[in-house]
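Below: one structure, written as structure tokens.
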Amino acid sequence: MLKMIRRYQNLRSLLALSAVSRHGSFSGASQELNLTSPAVHTQLKNLEEIVDTPLIIRNGSGPMKATEAGQILVAAAARINSELEKSMRDIEALREGKKGHIRLGVISTGKYFAPSLVADLNARHPDIEIDLAIGNREQILAMLDAKALHLAIMGRPPKSPKLVSAMIGSHPYILIANPEHPLAGLSAVSSEALLQETFIAREEGSGTRMLMARYLDDIGAGQSYRVSVMGGNETIKQAVIAGLGIAMLSKHTVMEELKTGRLVSLNLNGLPLHRHWHLIQPLNIPDSPAAKTIWDEICEMEGNFLPR
């Protein structure tokens, strides 16, 4: 089969056979293909030599017809033509950003809205496949550096790699506690009282951990405080509910617990910390029309996908 494919580099011979079969003559086929009748005859003869069997029955003055072997090749040519047409439509859809495959990275705090966002995007653009990667800030940055992401959603945009970013929504951070905690319900909590507490926090490299450290260092002028490290926002929430300490988390991650009263927000000066979600597109990877489509779609949502 490979040898046969090498012997004719294109589909001209199959096209000639199909045209002769349809029109029943070399002249009709030549008009369709914009070739001379001898050229069509040569193409057909070459194909018959390749398969070593007659492909057309010549019935004197009557119309030419495909032999059984010829009918097999005519059917194959139709399938090939159909696949080529589909391929061209798919390529056009890729070029127009209507079809494709992209990878979206979201920092861990965003896992509470990212799946529903992707579901919404899938509904709007069903021919664009979106893989979702969740990780802490350092992990998402590493993926960006490794050219493993087309788009990312995070807080403060990094300085590297080179990228473009767009602000897509507000991102408030609060300090949370068990409703029975001594500081809960106070109209104002002093920094001195706050720094006596145990803080439940994520691992090093977490953007939330870095934000909490900057806030506590600022209000406490560098005063030390106790930190208990736990992995993941869900574990931290459960630890706070159990009374093991207090924590700084994105308000978007605790909306349900605040509504049901399992957690409360502490009243301190400077809180909530108002940050922003940013959509990021690295410039160190080839352009992706599909990524551009998803970029535009997310920006047009104006943060409506965020928890309220």
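Under this note's numbering, read the sequence shown as residues 801 to 1108, first letter to last.
We treat Cβ as the ideally placed atom computed from N, Cα and C, and that holds for glycine.
Per-residue DSSP class, three states only, for residue i
{"i": "Tyr-808", "result": "Any reading at Tyr-808 must be qualified, since the residue scores a pLDDT of 45, below 50, and its modelled position is unreliable; the value itself is stated next. Here Tyr-808 sits in coil by DSSP."}
{"i": "Thr-998", "result": "strand"}
{"i": "Pro-1082", "result": "strand"}
{"i": "Arg-1009", "result": "helix"}
{"i": "Pro-972", "result": "strand"}
{"i": "Ser-825", "result": "coil"}
{"i": "Gly-910", "result": "helix"}
{"i": "Asp-931", "result": "strand"}
{"i": "Ala-977", "result": "strand"}
{"i": "Ser-1088", "result": "coil"}
{"i": "Leu-884", "result": "helix"}
{"i": "Met-801", "result": "Because Met-801 sits at a pLDDT of 40, beneath the cut-off of 50, its placement in the model cannot be relied upon, and the following sentence gives the value as read from the coordinates. Note: Met-801 maps to coil in three-state DSSP."}
{"i": "Leu-963", "result": "strand"}
{"i": "Pro-1107", "result": "coil"}
{"i": "His-925", "result": "coil"}
{"i": "Val-989", "result": "coil"}
{"i": "Met-1075", "result": "Inspection of the sequence shows that residue 1075 is occupied by Arg rather than by Met. Residue state, collapsed to three classes: strand."}
{"i": "Met-1030", "result": "coil"}
{"i": "Arg-956", "result": "coil"}
{"i": "Lys-947", "result": "coil"}
{"i": "Leu-835", "result": "coil"}
{"i": "Ala-866", "result": "strand"}
{"i": "Leu-917", "result": "helix"}
Nearest to residue i (by Cα), restricted to the options the options
{"i": "Asp-1018", "options": "Gly-1031, Ile-880, Asp-931 and Leu-1073", "result": "Leu-1073"}
{"i": "Ile-976", "options": "Lys-959, Leu-994 and Val-964", "result": "Leu-994"}
{"i": "Asn-1033", "options": "Leu-894, Ile-850, Lys-911 and Lys-899", "result": "Lys-911"}
{"i": "Glu-1102", "options": "Leu-1079, Arg-956 and Pro-1086", "result": "Leu-1079"}
{"i": "Ile-1000", "options": "Gly-1045, Ser-990 and Tyr-973", "result": "Gly-1045"}
{"i": "Pro-961", "options": "Glu-929, Gln-1081, Met-864 and Thr-1060", "result": "Gln-1081"}
{"i": "Gly-955", "options": "Ile-1036, Asn-922 and Leu-1011", "result": "Leu-1011"}
{"i": "Arg-1133", "options": "Ala-1047, Glu-1097, Pro-1107 and Phe-1105", "result": "Given a span of 801 to 1108 for the chain in the structure shown, any question on residue 1133 remains unanswerable."}
{"i": "Asn-881", "options": "Val-1029, Lys-899, Ala-819 and Val-918", "result": "Ala-819"}
Separation of residue j from residue i, as counted between CA atoms
{"i": "Gly-1022", "j": "Pro-982", "result": "24 Å"}
{"i": "Leu-1071", "j": "Ser-970", "result": "14 Å"}
{"i": "Asn-846", "j": "Val-840", "result": "10 Å"}
{"i": "Ala-984", "j": "Trp-1077", "result": "28 Å"}
{"i": "Gly-935", "j": "Gly-897", "result": "27 Å"}
{"i": "Arg-1026", "j": "Ala-988", "result": "21 Å"}
{"i": "Ser-1050", "j": "Thr-909", "result": "7 Å"}
{"i": "Trp-1095", "j": "Ala-816", "result": "46 Å"}
{"i": "Glu-892", "j": "Ala-1090", "result": "12 Å"}
{"i": "Ser-916", "j": "Met-967", "result": "19 Å"}
{"i": "Ser-830", "j": "Pro-838", "result": "9 Å"}
{"i": "Glu-997", "j": "Glu-1003", "result": "18 Å"}
Contact between the segment 853-870 and the segment 894-906 (3+ Cβ pairs under 8 Å): no
Segment contact flag, the segment 1062-1076 with the segment 936-948, C-beta cutoff 8 Å, min 3 pairs: no
At least three beta-carbon pairs within less than 8 Å, the segment 949-956 to the segment 1079-1090: yes
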